[in-house]
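Enquirer: Handing you this structure, nothing more for now.
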Amino acid sequence: MVTPEYWQGKRVLVTGGAGFLGSNLCHALAGMGARVTALDAMVPDGGASTRNLEGAGVLLVRGDIRDTEVHSLCEGVDVLFNMAAQTSHMGGQKDPVADIAINAVAQVRLIGVMREAAPKAIVVHASTRQFYGRPRSLPVDELHPVNPPDANGVSKWAGEQYWLLENRVLHRPVVSLRLTNCYGPRLRIRDARQTFLGIWIRRVLENEPFEVWGGAQLRDLTYADDVTSAFLMAAEQAASPAAAGQVFNIGGSPPVSLLDLAGKLIAANGGKGSFETREFPADRAPIDIGSYAADDRAFRNATGWAPAIDLDKGLKLSLDWYRQRLADYL
Ligand SMILES: NC(=O)c1ccc[n+]([C@@H]2O[C@H](COP(=O)([O-])OP(=O)(O)OC[C@H]3O[C@@H](n4cnc5c(N)ncnc54)[C@H](O)[C@@H]3O)[C@@H](O)[C@H]2O)c1
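Everything in the sequence shown is counted per the working numbering, starting at 1 for the first residue and increasing by one.
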């Protein structure tokens with residue numbers, strides 16, 4: 001359980017705070033009385049949107065972690081939620097220099113500033129299951145070999161490791177959460193750049209067929225509110241021996257195939273909607289990880305976290321949320 005009193009008056013910086021997961025976190029934090037600054041470069045290809053922070057009551061600073069003067073933003077913060085990243089797998093393949101500049105080099109820069117400006121602050125870093133690569137077996141725990149399938153996996157792994165060094169060497173309370181596919185309000189749905197599920201949601205709401213590539217791949221999706229509670233609980237317990245300096249996989253609902261997921265989305269839309277299956281595109285196949293399901297027992301045991309929203313409910317909540325705001329997100 002999240003402890004709302006813990007957050008009252010806390011100074012919090014959320015990098016990538018106008019993006020999908022960062023903005024959901026900002027809403028929750030501000031709602032509990034935290035003083036929140038969101039730092040975001042508003043990268044057009046990702047999930048950033050000023051709409052995401054409407055009504056949140058947080059300060060949005062537009063700036064790029066690669067070159068913005070961040071000292072004053074970091075000064076005196078109690079908690080840093082580090083969500084900013086280059087997240088596109090194909091984007092990382094096309095421009096690996098830009099990818100590593102954000103996901104690793106800028107992380108080292110931010111670490112240096114945080115050492116001076118907020119040496120005792122808690123850090124919860126948003127990491128990814130991507131760098132496990134094609135799983136050897138399911139479910140995947142934290143001891144699974146790291147075998148990045150693409151440049152983005154390499155840069156995200158490097159960025160995470162630099163943050164973990166801050167715990168190992170300087171004893172900063174750092175926790176890294178390796179996320180699976182996340183979905184819910186404030187996801188980019190205009191196209192498939194953030195996730196396939198974004199464009200599926202759009203098409204269903206527009207009464208247009210969507211495409212399922214392959215279909216047998218398993219995914220264990222996490223609803224946005226459950227991701228938010230995982231980050232909050234990780235921060236609250238970041239200094240405990242069970243959590244400090246740890247990496248944790250975060251899973252969600254029990255794994256389903258993409259074909260089953262497509263059926264569930266249509267069911268959540270009152271049975272309205274249709275899809276076509278097609279072969280997984282040849283240009284993406286070499287970096288595809290196939291099926292994935294997280295073993296997230298370590299995080300559950302360390303913090304008591306458990307997802308509260310099952311897939312059927314989460315899909316319905318997502319559709320309800322976007323139905324009222326579709327034009328704003330296209
Ligand atoms: N959404 C998922 O399913 C998922 C899965 C695994 C890992 N993650 C991780 O979670 C984090 C948040 O992802 P998200 O889904 O909310 O993506 P997102 O694209 O919605 O959010 C990332 C935000 O970071 C900002 N950003 C990018 N580069 C920046 C820079 N140089 N300086 C400042 N801001 C910058 C973007 O403008 C965007 O608003 C990322 O670190 C991502 O790797 C997400």
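From the three backbone atoms N, C-alpha and C, an ideal C-beta is built for every residue, glycine too.
Taking N167 as the reference, which of P185, D226, V140 and A243 has the closest Cα?
Expert: Residue numbering aside, residue 167 sits at position 167 when the sequence shown is read from its first letter. Minimum Cα distance to N167 is reached at A243.
Enquirer: Look at the alpha carbon of A327 and the alpha carbon of C182, and state the distance between them as a whole number of angstroms.
Expert: Within the sequence shown, residue 327 is the residue found at index 327, counting from 1. Within the sequence shown, residue 182 is the residue found at index 182, counting from 1. Answer to the nearest angstrom: the Cα atoms are 22 Å apart.
Enquirer: Return helix, strand or coil for R62, following the three-state DSSP convention.
Expert: On the sequence shown, position 62 is the one that residue 62 refers to. Here R62 sits in strand by DSSP.
Enquirer: Would you say the beta carbon of D384 comes nearer than 7 Å to a heavy atom of ligand 1?
Expert: Residue numbering for the chain in the displayed model covers 1 to 330; residue 384 lies beyond these limits and cannot be assessed.
Enquirer: In the DSSP assignment, find the beta strand (DSSP E) that holds D310 and state where it starts and stops.
Expert: Sequence index remark: in the sequence shown, residue 310 carries index 310 (1-based). Segment: none, D310 is in no beta strand (DSSP E) and carries neither H nor E.
Enquirer: If we require 3 or more residues per run, which beta strand (DSSP E) segments fall completely within the stretch 16-91?
Expert: Within the stretch 16-91, the complete beta strand (DSSP E) runs of at least 3 residues are 35-40, 59-62 and 79-82.
Enquirer: Does any heavy atom of ligand 1 sit closer than 7 Å to the C-beta of A126?
Expert: Position 126 of the sequence shown, counted from the first residue, corresponds to residue 126. A126 Cβ: within cutoff of ligand 1.
Enquirer: On the DSSP bridge list, what partners appear for I250?
Expert: As a first step, residue 250 must be located in the sequence shown, where it is residue number 250. Answer by DSSP bridge pairing, in chain order: L179.
Enquirer: Give a yes or no on whether the C-beta atoms belonging to N249 and R178 are separated by under 8 Å.
Expert: Sequence index remark: in the sequence shown, residue 249 carries index 249 (1-based). Sequence index remark: in the sequence shown, residue 178 carries index 178 (1-based). Taking 8 Å as the Cβ cut-off, N249 and R178 qualify as a contacting pair.
Enquirer: Quick check on DSSP: helix, strand or coil for S291?
Expert: As a working note, residue 291 is residue 291 in the sequence shown. Three-state DSSP puts S291 in coil, outside helix and strand.
Enquirer: Excluding the 5 residues flanking P307 on each side, which residues of the same chain have their C-beta closer than 8 Å to its C-beta?
Expert: As a first step, residue 307 must be located in the sequence shown, where it is residue number 307. For P307, where only same-chain residues beyond five positions count, the Cβ hits under 8 Å are T222, Y223, D226, G251, G252 and S253.
Enquirer: Excluding the 5 residues flanking Q194 on each side, which residues of the same chain have their C-beta closer than 8 Å to its C-beta?
Expert: For the purposes of this step, residue 194 is taken as the residue at position 194 of the sequence shown. Counting only Cβ-Cβ distances below 8 Å, and skipping sequence neighbours, we find F20, G46, G47, T87, L187 and R188.
Enquirer: Between the alpha carbons of D312 and G214, how many angstroms are there, rounded?
Expert: The sequence position of residue 312 within the sequence shown is 312, counting from 1. The sequence position of residue 214 within the sequence shown is 214, counting from 1. Using only the alpha carbons, I get a separation of about 22 Å.
Enquirer: Do T87 and ligand 1 come close, with the Cβ less than 7 Å from some heavy atom?
Expert: Looking up residue 87 in the sequence shown gives position 87. Result yes, Cβ under 7 Å from ligand 1.
Enquirer: Could you check what DSSP says for S240 in three-state terms: helix, strand or coil?
Expert: Taking the first residue of the sequence shown as position 1, residue 240 is located at position 240. Note: S240 maps to coil in three-state DSSP.
Enquirer: Could you tell me whether any non-hydrogen atom of ligand 3 is closer than 7 Å to the CB of N207?
Expert: Judged by which ligands are present, ligand 3 is missing from the structure shown, whose ligands are ligand 1.
Enquirer: Tell me the residue span of the beta strand (DSSP E) that contains A126.
Expert: The count along the sequence shown starts at 1 and reaches residue 126 at position 126. I122 to T128 is the span of the beta strand (DSSP E), which, as asked, contains A126.
Enquirer: Could you check where the beta strand (DSSP E) with T277 kicks off and where it finishes?
Expert: Within the sequence shown, numbered from 1, the residue matching residue 277 stands at position 277. Where T277 is concerned, the enclosing beta strand (DSSP E) stretches over F275 to R278.
Enquirer: Can you tell me whether DSSP reads W163 as helix, strand or coil?
Expert: Position 163 of the sequence shown, counted from the start, is the residue given in the question as residue 163. Three-state result, W163: helix.
Enquirer: Report the rounded CA-to-CA distance for A262 versus V113, giving the unit in angstroms.
Expert: The sequence position of residue 262 within the sequence shown is 262, counting from 1. The sequence position of residue 113 within the sequence shown is 113, counting from 1. Distance between the alpha carbons of A262 and V113 is about 45 Å.
Enquirer: Taking 7 Å as the cut-off, is the beta-carbon of L179 closer than that to any non-hydrogen atom of ligand 1?
Expert: Looking up residue 179 in the sequence shown gives position 179. Yes; taking the cut-off as 7 Å, the Cβ of L179 has a heavy atom of ligand 1 nearer than that.
Enquirer: Can you tell me whether M83 sits near ligand 1, meaning its C-beta is under 7 Å from at least one heavy atom of the ligand?
Expert: One-based indexing of the sequence shown puts residue 83 at position 83. Indeed, a heavy atom of ligand 1 lies less than 7 Å from the Cβ.
Enquirer: Can you give me the Cβ contacts of R278 inside the same chain, cut-off strictly under 7 Å, excluding the 5 residues immediately before and after it?
Expert: Here residue 278 refers to the residue found at position 278 when the sequence shown is read from its first residue. Correct list, in chain order: E211 and W213.
Enquirer: Straight-line CA distance for A256 to A267?
Expert: What you label residue 256 is simply residue 256 of the sequence shown in a count that begins at 1. What you label residue 267 is simply residue 267 of the sequence shown in a count that begins at 1. Residue identity differs from the one stated: residue 256 is Val in this sequence, not Ala. When rounded, the distance between both Cα atoms is 15 Å.
Enquirer: Run the proximity test for I122: is its beta-carbon closer than 7 Å to any non-hydrogen atom belonging to ligand 1?
Expert: Your numbering for residue 122 matches position 122 in the sequence shown. Flag unset: Cβ of I122 not near ligand 1.
Enquirer: Since S23 contacts G31 with CB under 8 Å, what's their CB separation in whole angstroms?
Expert: For the purposes of this step, residue 23 is identified with residue 23 of the sequence shown, where counting begins at 1. For the purposes of this step, residue 31 is identified with residue 31 of the sequence shown, where counting begins at 1. The pair is not a contact, with the Cβ atoms about 13 Å apart (cut-off 8 Å).
Enquirer: So the candidates are H89, V174 and A121; which of them puts its Cα closest to the Cα of A151?
Expert: Taking the sequence shown and counting its residues from 1, one reaches residue 151 at position 151. Ranking H89, V174 and A121 by Cα distance to A151 puts H89 first.
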